[in-house]
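Asks: Under the working numbering, the first residue of the sequence shown carries the number 17, and numbering increases by one thereafter. Backbone N, C-alpha and C define an ideal beta-carbon position, used for all residues, glycine too. My questions will all concern the structure given below.
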Amino acid sequence: MADQEQLDVRNAAGKPPEEALFFYQGASEVVAPGVFFFPKMGTSTVFECDDRLLVVDTSPRWVAQHTIEELREKHSKAPVETIIYTHGHIDHTSGAVGWRAEAEERGLPRPRIIAHEDLPNRFDRYKLLREQNNFINRVQFDLEENVGMWDDSNWVYPDVTYRDALNLEVGGERFELYHARGETDDETWVWCASRRVLCTGDTFVWSSPNAGNPYKVQRYAKDWADAL
């Protein structure tokens, strides 16, 4: 019962159980010293690095504000210095709009965003094919006719990109970024050795890997297996 009381099911109200799971917004967890995991759609992991924060994935735009509020209320009010995108899907990147707005409201520098070099091309394609993506997702996810998640305002492009690997330091903490191909061609997985925390993005998912469907581009099954 205690676990059930922690659930935030506001955006799953009225949905059958199999659909409600897709919108799960549970309470955040401290998974290692100074590491906060937000198990919302797309997920978000926040590392406390001395007097600043590093965020791996932003959660989607329609969830990010809730993530930010919970972070500030329960864990840390330190400024976000760096955001890492693990890949370019909307549920992992579109919340950057909210993180950037929060920094501006507090009079803080805009967080720098880091991603693989193929990610900007994905955003360009999303902008070019916005209406097609909206139509396909309405069909695939049985959404209402007026639902259109693919909006140009979602896409906050990275400030820094890399090709194969990148090491960076934030607040004295070292983070190692590595490229892989699996669900997408622009994947990044992140290793923080000092905390022994691995952020996989969608290189590792809770279900069997989705190597594609008839509505969308096929994915990289062999490369995905190699990455795992």
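Can you list, in chain order, the residues of its chain with a C-beta nearer than 8 Å to that of D49? Leave out the 5 residues immediately preceding and following it.
Replies: Per the sequence shown, residue 49 should be read as Pro rather than Asp. The beta carbon of P49 is closer than 8 Å to those of R211 in its chain, skipping five residues each way along the sequence.
Asks: Using 8 Å as the threshold, is the stretch 105-112 in touch with the stretch 157-172, meaning 3 or more CB pairs across them?
Replies: Yes, since at least three Cβ pairs between the stretch 105-112 and the stretch 157-172 fall closer than 8 Å, the two stretches touch.
Asks: Fully enclosed by the stretch 85-141, which beta strand (DSSP E) runs are 3 residues long or longer?
Replies: 96-100, 128-132
Asks: Would you kindly check if the distance between the Cβ of R197 and the Cβ of Y236 is under 8 Å?
Replies: yes
Asks: Over what stretch of residues does the alpha helix (DSSP H) that includes W240 continue unbroken?
Replies: Per DSSP, W240 belongs to the alpha helix (DSSP H) from 237-243.
Asks: Which residues in the same chain as F63 place their Cβ atom closer than 6 Å to its Cβ, once the five residues preceding and following it in sequence are excluded?
Replies: V51, L70
Asks: Please report the Cβ distance between R128 and V176, rounded to the nearest whole angstrom; I am assuming they are in contact, meaning their Cβ atoms lie under 8 Å.
Replies: About 6 Å separates the Cβ atoms of R128 and V176, confirming a contact at the 8 Å cut-off.
Asks: Taking the beta strand (DSSP E) that V155 belongs to, which residues open and close that run?
Replies: Segment 146-156 is the alpha helix (DSSP H) holding V155; no beta strand (DSSP E) there.
Asks: Find the nearest neighbour of T200 within the set S44, A131, N183, judged by alpha-carbon distance.
Replies: It is A131 whose Cα lies nearest to the Cα of T200.
Asks: Leaving out the 5 sequence neighbours to the left and right, which residues in its chain are closer than 7 Å to D67 when beta-carbon positions are compared?
Replies: Taking D67 as the centre and dropping the five residues before and after it, the same chain places the C-beta of A94, G187 closer than 7 Å to its C-beta, in chain order.
Asks: Rounded to whole angstroms, what's the CA-CA distance from F139 to E189? Just pull it up for me.
Replies: 30 Å
Asks: Return the bridge partner residues of W78 from the DSSP annotation.
Replies: Partner(s): none; W78 has no beta bridge.
Asks: Label G114 either buried or exposed according to how many other C-beta atoms from any shown protein chain fall within 10 Å of its C-beta, with 16 as the threshold for buried.
Replies: buried
Asks: What does the Cβ neighbour count give for L159, buried or exposed, with the cut at 16 atoms within 10 Å?
Replies: Classification of L159: exposed, given that the 10 Å Cβ count is below 16.
Asks: Any idea what DSSP makes of S44, helix, strand or coil?
Replies: coil
Asks: Would you say T59 reaches chain B, if we count a Cβ-Cβ gap shorter than 8 Å as a contact?
Replies: In summary, chain B is missing from the structure at hand, where a single protein chain is found.
Asks: Less than 8 Å separating the beta-carbons of I84 and E121?
Replies: no
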